[in-house]
Amino acid sequence: MSDPAKGGGSSATPSPAERTTRPLIQVSGLYKRYGHKNVLRGVDLTVASGQVMGLLGDNGAGKSTLLRIISGLAKADRGDVLLDGHPLKQVGHELRRYIGLVSHAPLLYDSLSAEENLVFFAAMYDIEQPAERIASVLRDVGLWVRRREPVRTYSRGMLQRLAIGRAILHNPPVLLLDEPDTGLDQSSAQMLHELVRSLGASNRAILLSTHNLDRAVEWADSVSLLVGGKIVYQDATAHLNGAELRQVYTDANANSR
Amino acid sequence: MQIVDKPLTTDTGMQLPPQSLPEKVGEERVVPVQMRTGGGLAAYLRKVWAITSKEVRAELRAKESLSVMIAFSLLAVLIFGLAFDLRVPEATMVAPGVLWVVILFSGVLGLNRSFGAEVDRGTLAALLLAPVDRSAIYFGKFLAQLFFMLINAAIILPFALIIFNVNLMQPWILVGVLLGTVGYVAVGTLFAALAANSRARESLLPILLLPVMAPIFMAGVALTAAVIDGRAFDDFQRWVWVMVVYDLLSITVAFVVFDLIWEEA
Amino acid sequence: MSTVAARPNRTGLGSVLFLLLTIVTILAMATMMWAALVYARPASNLAGDEQTAQRIFYLHMGCNIGALLVYVLSLVGSVGYLITRKLGWDRLTQASVEVGTLCGIGTLITGALWAKPTWNAYWTWDPRVTTATITVLIYIAFLLFRNGIDNRQARARFGSIYALVAFISLPITYYSARWFRSIHPVIFNGANPDSQGGFDIGPSMGQTISIAALAFSLLCITLMIYRWRQLGLEDRLAEIREEIE
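Here it is in structure tokens:
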């Protein structure tokens, strides 16, 4: 990615001491009930700028729900979400500019081309000089060549890349990725990893949910474990490996029964 | 990456102040790209238009429901023509009813796709994430659907004229069809949004929609019949007013209520 | 967090009162049937079949009043839920729509049975009957719609929205139906859309009408309360099931 000041090394993001960070995502005391089921029971989470946080948990643990609440698609029953210090509840739809969401559904119009999709979203986000921005994003995600073809013809990997392009089109400080590696083959996952890494080096806050523990260790700076509707474990990945994490994961799940 | 350093102004004039200036040289603060013009009505209308043109373009490209709707309309008119040919000597007796039945029933086919496809493919979330009041989604889809329905009506009218040999292309009939379609799409878009959340969504929409369309249906039939019979405007003007009132009421109610639907996407 | 405010209490004062209400309702309905069939004098200006059939009118009126009552309650329930988001209001809406469907169908059947001997046709496009039919169709649509939504809160929210929007259309429907007939030639002799069916109302008949209105109102309310409590139990059961899993 064209990234002036922070060209990164392999897994190096400058450590917190080297630059000023501030919390871009702050979640406190989040409760959410679906139907008759308490999905989230008091979630507290903070993601700072420049941080890539992996959110781990079983299926049905509430990862998607949490991401949807942070993105504004769902409303929590209780608790607060602050984006760059602004409360989500009070600011209303303008604050959605701060968020880019990549879900496991592509969120793209398949009879339109990649370019047309981005033109539409550029209009929805009031982007100045959309053509330039769109061209730059398409190049960054490697879809410039096939930009005029209908999205219907894209492979899963290409769809995910375009979805990321759509999510960063308006340059949001907060990026939410809901199991983005689902259904991707190795090379597409690799490309995705590259994108995430360069985005993470750019002072954004990235919250990435996955149930692949090895990926979490590889892609994220720190991980949080969501079990029983709460965050029960949090640590930096610098000194963790897959096996240790797996142990913690099974312990936490066993404890919650 | 574009970095723009102006404070964000919301539509209500509230300022989101930029955070404190960076302390380190070379640190970038990532801020979303700024608006082209100061927000407000212009931006809102631009987005409504963006949604409308996206809908129309996607539909014309995919050709899913518009052609189905038109094909169904033609078939329906034909079938009604056959149904009444033997027993009804005066086609003017049935033409108004047939016209409006076909408009209402075929319209459902078009309405189904306005939210059905979105929910299926998950693109609805993308719309809900956009920084705009949710009513923009309603109006964008409303205008697109109105466009399709008017095309449908423009095909039904001459075809029914031919089959029933009744002059349906008279000014007040056309006004009636226009007003009726507006009301139909106003309520229909809202109900399509509701029905999209239910399991049996395609078959459910006509059941939800048609009982509520009764005033439009009655007004349309009565108006068309009066014009065909050559009555004076004073005789049928109350039906025009019924339609106008219904249209205004339904658009207002839809505008108010639409936001409530999307608390959970 | 419980969605049901209080567990249904089998032995409390509420239950005793409710039992009393049920008994009173049964007595009222019995009184009404007696009054309609025996007590009320036959209409003096009618004769033969038509005269006997006129007695159906009391049931018809009763169903109508009941339906109206229920309509108001379902509106209250819808608005109540949208404002407070407490499921108790939504249960009120559901119960009243269900009872309303019964009353509505009753109105239509009694109306048809009355119309045939009186006007020689089962259906007369009377604007109130037309509106009542459409209301029943809206109720049925409401119930079918909710049936297809699994999430409890979504079901309540969408049901309430639909109910409100659909009910707002009903006054316009009624007036449209009134004007609709006036344009068309009257096919049935004596079938004026605004007429009452043309019978003189004597004092005993007036009293019977009041008894019918009261009895049916009580019946509707009692049925609604039963159904409301039943829905509360269903919700509670679903909650417990979720907690166990």
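Protein chains in written order, with the numbering used here: chain A, 21 to 277; chain B, -16 to 248; chain C, 14 to 258. Even for Gly, the Cβ is constructed at its ideal location relative to N, Cα and C. Source: prediction; values computed, not measured.
Integer Cβ distance of residue i from residue j, believed to fall under 8 Å
i             : j             : result
residue 106/C : residue 176/C : 6 Å
residue 48/B  : residue 93/B  : 5 Å
residue 285/B : residue 218/B : Residue 285/B is absent from the structure shown; chain B starts at -16 and stops at 248.
residue 111/C : residue 57/A  : Not confirmed; about 26 Å, so no contact.
residue 198/B : residue 182/C : 7 Å
residue 51/A  : residue 98/A  : 4 Å
residue 74/B  : residue 148/B : 6 Å
residue 280/A : residue 80/A  : The requested residue 280/A does not occur in the structure, where chain A is confined to residues 21 to 277.
residue 141/A : residue 189/A : 6 Å
residue 249/B : residue 206/B : Outside the displayed span of chain B (-16 to 248) sits residue 249/B, for which this structure offers no information.
residue 225/A : residue 67/A  : 4 Å
residue 87/B  : residue 174/B : The Cβ separation is near 13 Å, so there is no contact.
residue 109/A : residue 246/B : Not confirmed; about 12 Å, so no contact.
residue 163/A : residue 134/A : 5 Å
residue 79/C  : residue 232/C : 7 Å
Of the listed residues the options, nearest to residue i (C-alpha basis)
i             : options                       : result
residue 172/B : 191/B, 182/B and 218/B        : 191/B
residue 34/C  : 250/C, 68/C, 230/C and 168/C  : 230/C
residue 52/C  : 171/C, 127/C, 220/C and 150/C : 220/C
residue 90/C  : 138/C, 73/C, 70/C and 108/C   : 108/C
residue 112/A : 145/B, 112/B, 198/B and 180/B : 112/B
residue 189/B : 127/C, 78/C, 243/C and 154/C  : 154/C
residue 128/A : 91/A, 204/A, 98/A and 171/A   : 171/A
residue 182/A : 169/A, 193/A, 230/A and 161/A : 161/A
residue 194/A : 122/A, 79/A and 274/A         : 122/A
residue 83/B  : 243/B, 236/B and 164/B        : 164/B
residue 143/C : 195/B, 238/B and 235/B        : 195/B
residue 118/B : 227/B, 30/B, 228/B and 214/B  : 30/B
residue 87/C  : 246/C, 248/C and 241/C        : 241/C
residue 139/B : 79/B, 66/B, 124/B and 193/B   : 79/B
residue 156/A : 138/A, 146/A, 144/A and 173/A : 138/A
residue 148/A : 126/A, 191/A, 62/A and 119/A  : 191/A
residue 68/C  : 128/C, 95/C and 30/C          : 128/C
residue 109/B : 152/A, 151/A and 120/A        : 120/A
residue 101/B : 37/B, 27/B, 23/B and 214/B    : 37/B
Residue i vs residue j beta-carbon contact at 8 Å
i             : j             : result
residue 74/A  : residue 228/A : yes
residue 226/C : residue 25/C  : no
residue 255/B : residue 126/B : For residue 255/B there is no data in the structure shown, the boundaries of chain B being -16 and 248.
residue 49/A  : residue 104/A : no
residue 77/B  : residue 71/B  : yes
residue 72/C  : residue 169/C : no
residue 162/B : residue 230/B : yes
residue 246/A : residue 92/A  : no
residue 240/B : residue 185/C : no
residue 125/C : residue 151/C : no
residue 169/B : residue 233/B : yes
residue 137/C : residue 121/C : no
residue 158/A : residue 167/A : yes
residue 60/B  : residue 143/B : yes
residue 181/B : residue 161/C : yes
residue 201/A : residue 235/A : yes
residue 148/C : residue 84/C  : yes
Residues sharing a beta bridge with residue i, DSSP
i             : result
residue 255/A : 243/A
residue 133/A : 170/A
residue 73/A  : 227/A and 242/A
residue 239/C : In the DSSP output, where bridge partners are listed per residue, residue 239/C has none listed.
residue 67/A  : 45/A
residue 100/A : 48/A
residue 51/B  : Note: residue 51/B sits in no beta bridge, so no partner.
residue 57/A  : 54/A
residue 250/A : 247/A
residue 341/A : Because residue 341/A is not part of the residues shown, which for chain A are 21 to 277, the question remains open.
residue 107/A : 102/A
Neighbour flag for residue i against chain D, beta carbons, 8 Å
i             : result
residue 170/C : In summary, chain D is missing from the structure at hand, where the protein chains are A, B and C.
Which runs of the alpha helix (DSSP H) at least 4 residues long sit entirely within the stretch 217 to 245 of chain A? Give them in chain order. 233 to 239
In chain order, which continuous runs of the alpha helix (DSSP H) of length 4 or greater are located wholly inside the stretch 158 to 205 of chain A? Within the stretch 158 to 205 of chain A, the complete alpha helix (DSSP H) segments of 4 residues or longer fall at 176 to 188, listed in chain order.
List in chain order: all unbroken alpha helix (DSSP H) runs of 4+ residues lying wholly within the stretch 115 to 145 of chain C. Correct list: empty.
4-residue-minimum alpha helix (DSSP H) runs that sit fully inside the stretch 160 to 241 of chain B, ordered along the chain: Here the runs fully enclosed are 184 to 192 and 197 to 211.
With a floor of 4 residues, list each alpha helix (DSSP H) that falls wholly inside the stretch 49 to 114 of chain C, ordered by position along the chain. 61 to 66 and 69 to 97
Inside the stretch 103 to 144 of chain B only - alpha helix (DSSP H) runs reaching at least 4 residues: Every alpha helix (DSSP H) of 4 residues or more that sits fully in the stretch 103 to 144 of chain B is shown, in chain order, as 106 to 112.
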